[in-house]
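Number of protein chains: 2
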Amino acid sequence: MSSARKSFTVDGDFRMHRAGHLESPTLAYETWGELNAAKDNAILLFSGLSPSAHAASSELDMSPGWWEDMIGSGLPIDTDNYYLICVNSLGSCFGSTGPASIDPQTGERYRLKFPVLTLEDVAEAAFLVVNHLGVKCLHTVIGCSMGGMSGLAYCLRHPDTVRRYVSISSAARALPFSIAVRSLQREMIRSDPKWMKGNYEPGDPPITGQRLARKLGMITYRSAEEWALRFGRERSTDHARIEDQFVAEFSVESYLENRANKFSGAFDPNCYLYLSHASDLFDLAEYGGSLAAGFKRLKLDKTLVVGVRTDILFPIQQQRELAEGFATVCSDTRLAELDCIRGHDSFLVDMDAFRPEICEFFESCCD
Amino acid sequence: MSSARKSFTVDGDFRMHRAGHLESPTLAYETWGELNAAKDNAILLFSGLSPSAHAASSELDMSPGWWEDMIGSGLPIDTDNYYLICVNSLGSCFGSTGPASIDPQTGERYRLKFPVLTLEDVAEAAFLVVNHLGVKCLHTVIGCSMGGMSGLAYCLRHPDTVRRYVSISSAARALPFSIAVRSLQREMIRSDPKWMKGNYEPGDPPITGQRLARKLGMITYRSAEEWALRFGRERSTDHARIEDQFVAEFSVESYLENRANKFSGAFDPNCYLYLSHASDLFDLAEYGGSLAAGFKRLKLDKTLVVGVRTDILFPIQQQRELAEGFATVCSDTRLAELDCIRGHDSFLVDMDAFRPEICEFFESCCD
Numbered sequence: 001m002s003s004a005r006k007s008f009t010v011d012g013d014f015r016m017h018r019a020g021h022l023e024s025p026t027l028a029y030e031t032w033g034e035l036n037a038a039k040d041n042a043i044l045l046f047s048g049l050s051p052s053a054h055a056a057s058s059e060l061d062m063s064p065g066w067w068e069d070m071i072g073s074g075l076p077i078d079t080d081n082y083y084l085i086c087v088n089s090l091g092s093c094f095g096s097t098g099p100a101s102i103d104p105q106t107g108e109r110y111r112l113k114f115p116v117l118t119l120e121d122v123a124e125a126a127f128l129v130v131n132h133l134g135v136k137c138l139h140t141v142i143g144c145s146m147g148g149m150s151g152l153a154y155c156l157r158h159p160d161t162v163r164r165y166v167s168i169s170s171a172a173r174a175l176p177f178s179i180a181v182r183s184l185q186r187e188m189i190r191s192d193p194k195w196m197k198g199n200y201e202p203g204d205p206p207i208t209g210q211r212l213a214r215k216l217g218m219i220t221y222r223s224a225e226e227w228a229l230r231f232g233r234e235r236s237t238d239h240a241r242i243e244d245q246f247v248a249e250f251s252v253e254s255y256l257e258n259r260a261n262k263f264s265g266a267f268d269p270n271c272y273l274y275l276s277h278a279s280d281l282f283d284l285a286e287y288g289g290s291l292a293a294g295f296k297r298l299k300l301d302k303t304l305v306v307g308v309r310t311d312i313l314f315p316i317q318q319q320r321e322l323a324e325g326f327a328t329v330c331s332d333t334r335l336a337e338l339d340c341i342r343g344h345d346s347f348l349v350d351m352d353a354f355r356p357e358i359c360e361f362f363e364s365c366c367d
Numbered sequence: 001m002s003s004a005r006k007s008f009t010v011d012g013d014f015r016m017h018r019a020g021h022l023e024s025p026t027l028a029y030e031t032w033g034e035l036n037a038a039k040d041n042a043i044l045l046f047s048g049l050s051p052s053a054h055a056a057s058s059e060l061d062m063s064p065g066w067w068e069d070m071i072g073s074g075l076p077i078d079t080d081n082y083y084l085i086c087v088n089s090l091g092s093c094f095g096s097t098g099p100a101s102i103d104p105q106t107g108e109r110y111r112l113k114f115p116v117l118t119l120e121d122v123a124e125a126a127f128l129v130v131n132h133l134g135v136k137c138l139h140t141v142i143g144c145s146m147g148g149m150s151g152l153a154y155c156l157r158h159p160d161t162v163r164r165y166v167s168i169s170s171a172a173r174a175l176p177f178s179i180a181v182r183s184l185q186r187e188m189i190r191s192d193p194k195w196m197k198g199n200y201e202p203g204d205p206p207i208t209g210q211r212l213a214r215k216l217g218m219i220t221y222r223s224a225e226e227w228a229l230r231f232g233r234e235r236s237t238d239h240a241r242i243e244d245q246f247v248a249e250f251s252v253e254s255y256l257e258n259r260a261n262k263f264s265g266a267f268d269p270n271c272y273l274y275l276s277h278a279s280d281l282f283d284l285a286e287y288g289g290s291l292a293a294g295f296k297r298l299k300l301d302k303t304l305v306v307g308v309r310t311d312i313l314f315p316i317q318q319q320r321e322l323a324e325g326f327a328t329v330c331s332d333t334r335l336a337e338l339d340c341i342r343g344h345d346s347f348l349v350d351m352d353a354f355r356p357e358i359c360e361f362f363e364s365c366c367d
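The listed protein sequences derive, respectively, from chains F and E. Residue numbers for the first sequence follow the numbering used here, beginning at 1 and rising by one. Residue numbers for the second sequence follow the numbering used here, beginning at 1 and rising by one.
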């Protein structure tokens, strides 16, 4: 299959937000639609922790993207009218430079020698791609989950280059509950003897730790309500359990097992550790000393905050906090509290609920 | 320190609910107060998964018990008036026979040769102790967390021997969310190479897996709201982190680390696996084919259901389900929905909220 992925290599050093630098990192990205003559129809999309830049299919790559039902001709992010850019996060492993990439200084993989990653670095890397594409001012930045915080970092550091902001199931900073969950996921990977302090062979990763971390992810990405309806106390049909009482007895256990096995191996464990940690570190209050001061640094004409009432990782109070903060500096702010049952993952799987909000947002943009 | 722990050894075989049997198992228990002449003042208390029978201090053992502030002279479970019995759950490791005990058939520890454990077995073992103590009819059964389901099993199997029932942060059966959490905790232990399919040396248990499982426990026993208030984004003062970016950066991470290290090693991992699995298996609907039919088998004069709105493991809907079910067969049923912030653990740590409910329950008992 042909690839729609393009890549941009930074000319020279990329200075990291906390400390250290990367020598000429590469950033993978995809685009959809065309930049207009006025160059004012560009949208930048930040993904969550695990997806690539392949947010939607295109003629060059027909495989479905992670937000396939949202992006395209006649869809809420209408590529007949807009020029959409999605960058694989710096630190990830789908074409952008990250801990799994070769350090040009040593000829070896960075592994844990990769400098501490922050979402400010993810934002800054995307800023370089946007500039490379000749876009001086973005029509809208959209960020989903972790990407919502990357998007906030972008708006905070380049307030004059973004007109509108859409936050999807994200937050101004992580709550201790979410930090605890992610910290435990990282510990699961680090506790797997095969992790070898980050020096695992690429073909022999800490798959056990990854599987455990993914299962905890699934538990927190979905909702208890969904599973009660979906599985109840249905028994697994996997008869391997007869031999071992602790193997999946209930359908919910088999479901987690199947999903975790699918994901593990698809994402580099060190990259996961870095991006997960970056999600904990971001804090809007670091811009001025308080959330209120942070919001005051934004210059936005229009904002939309969409969140889900069953989300336990980025709970509804955090959506309200964001919307209330945006409203202090931007009168055209809308909060959409959705009643989706599938928790944090709703923005990926309950498109019927999310599409109307995104659609309405772009339809009500008056240029 | 002297011990208040007594023990009772079953004379002959104990047949397990699912399959298999135990040869003359021992049951550890403690009692407080005196059985009156009419023998109608006995209360049986079922603990959660991890505590011993030491629910409160006494002259024989002054160390604080796990429900210290609830039990004693002048306290809600008033040992001046009542005779309280607490049995260490069958399958546990604090004096009662469990997977860590010696199998008299082989002279070796049972380990995974211990038969599948259910809460029906926990209830049946307690029933033998109650009979041994000369009590034909219990004034009240109280069950906390997992113990609430053990208590239900007791009432279902011996309906004519229990007059009143108090359920504390428990349920009629586990939801798939709770099953998923416990299944993942078990997998963490089983994935630790030191578990060795249950054949670890007692002095060298799978401590890494236990620590991970305990941390996930803490995350689900407490509430996001509590941690937001308690920790916010406070940084850890543990400066070891400077050497490793993935070591505890936030206070919530240090807190989990300290708590998990305290617990791990105190509980036998195989016993934990068996009791955790038993918690998943219990289902009131197995008594007659539906929850409604299960409730109909109960013969209770008075019930109380206490639950907490921030509990995610035994959520408030399950408390309502219990109370509604009890009300179909027992007109004197009360549901207390508490606004405690500390989630499932509130019944152990927020005694000011729980004491009045238990107090009122016993004060309103008319004999």
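Ideal Cβ placement from N, Cα and C applies to all residues, glycine included.
- Counting C-beta atoms within 10 angstroms of its own C-beta, Ile168 of chain E has 16 or more neighbours from the protein chains shown and is therefore classed as buried.
- The Cβ atoms of Val141 of chain E and Leu27 of chain E do not sit closer than 8 Å to each other.
- Contact between His277 of chain F and Asp121 of chain F does not hold, since their C-beta atoms are separated by about 12 Å, which reaches or exceeds 8 Å.
- The beta carbon of Ala292 of chain F sits closer than 8 Å to the beta carbons of Gly325, Thr328 from its chain, once the five residues preceding and following it are set aside; these are given in chain order.
- Inclusion of Gly95 of chain E and Ala53 of chain E in the CB contact set at 8 Å is warranted, their separation being smaller than that value.
- When the five nearest sequence neighbours on each side are left out, the beta carbons in the same chain lying within less than 7 Å of the beta carbon of Val252 of chain E are those of Trp227, Phe231, in order along the chain.
- Remark: three or more beta-carbon pairs, one from each stretch, lie closer than 8 Å, so the region 207-223 of chain E and the region 260-276 of chain E are flagged as touching.
- When Cβ-Cβ separations below 8 Å define contact, Pro315 of chain E makes contact with chain F.
- Within the region 157-220 of chain F, the beta strand (DSSP E) runs of at least 3 residues that lie entirely inside it are, in chain order, 164-168.
- Listed along chain F are Ile179, Ala180, Ser183, each with a C-beta nearer than 8 Å to that of Glu253 of chain E.
- Listed along the chain, the chain E residues whose CB falls inside 8 Å of the CB of Ile312 of chain F are Ala224, Ile312.
- For Glu360 of chain F, DSSP records no beta bridge to any residue.
- For Val308 of chain E, the nearest beta carbon of chain F is not closer than 8 Å to its own beta carbon.
- Taking a Cβ-Cβ cut-off of 8 Å, the neighbours of Asp283 of chain F in chain E comprise Arg233, given in sequence order.
- Judged by DSSP in its simplified three-state form, His277 of chain F adopts helix.
- At least 8 Å separates the CB of Pro269 of chain F from every CB of chain E.
- Pairing Glu225 of chain E with Phe250 of chain E gives a Cβ-Cβ distance that is not under 8 Å.
- Within the DSSP secondary-structure output, Ser150 of chain E pairs in no beta bridge.
- For Thr208 of chain E, the neighbours in chain F by C-beta distance under 7 Å run, in chain order, Ser191.
- Cβ-Cβ distances below 8 Å link Ala336 of chain E to Leu304, Val305, Val306, Gly307, Glu357 in the same chain, with the five nearest sequence neighbours on each side left out; the list follows chain order.
- Cβ contact annotation for Lys299 of chain E (same chain, cutoff 6 Å, sequence separation greater than five): Pro159, in chain order.
- Contact with chain E is absent for Met16 of chain F, since none of that chain's Cβ atoms lies less than 8 Å from the residue's Cβ.
- Under the Cβ criterion of 8 Å, Val349 of chain F is not counted among the residues facing chain E.
- Gly307 of chain E: member of the beta strand (DSSP E) spanning 302-308, first to last residue.
- Between Asp280 of chain E and chain F, the shortest Cβ-Cβ separation is below 8 Å.
- Across the structure, Ala171 of chain F and Met351 of chain F are spaced so that their CA atoms are roughly 20 Å apart.
- For Phe8 of chain F, no alpha helix (DSSP H) run applies; the uninterrupted beta strand (DSSP E) run containing it begins and ends at 6-9, by DSSP.
- Between the C-alpha atoms of Cys330 of chain E and Asp301 of chain E there is a straight-line separation of about 6 Å.
- Excluding its 5 nearest sequence neighbours in each direction, Asp69 of chain E has C-beta neighbours in its own chain below 6 Å: Met351, listed in chain order.
- Excluding sequence positions up to five before and after Cys137 of chain E, its CB lies within less than 7 Å of the CB of Asp40, Thr161, Arg163, all in the same chain and listed in chain order.
- Under the DSSP assignment, Phe46 of chain E falls in the beta strand (DSSP E) whose first and last residues are 42-46.
- Chain F places a beta carbon closer than 8 Å to that of Arg173 of chain E, counting this residue as a contact.
- Identification of chain F residues near Phe361 of chain E by a Cβ-Cβ cut-off of 9 Å yields none; the smallest Cβ-Cβ distance measures about 29 Å.
- With respect to the 8 Å criterion, Glu124 of chain F and Arg157 of chain F are classified as neighbours on the basis of their beta carbons.
- Taking the Cα positions, Val87 of chain F is about 10 Å away from Phe127 of chain F.
- For the 8 Å CB-CB criterion, Met218 of chain F and Leu275 of chain F do not form a contact.
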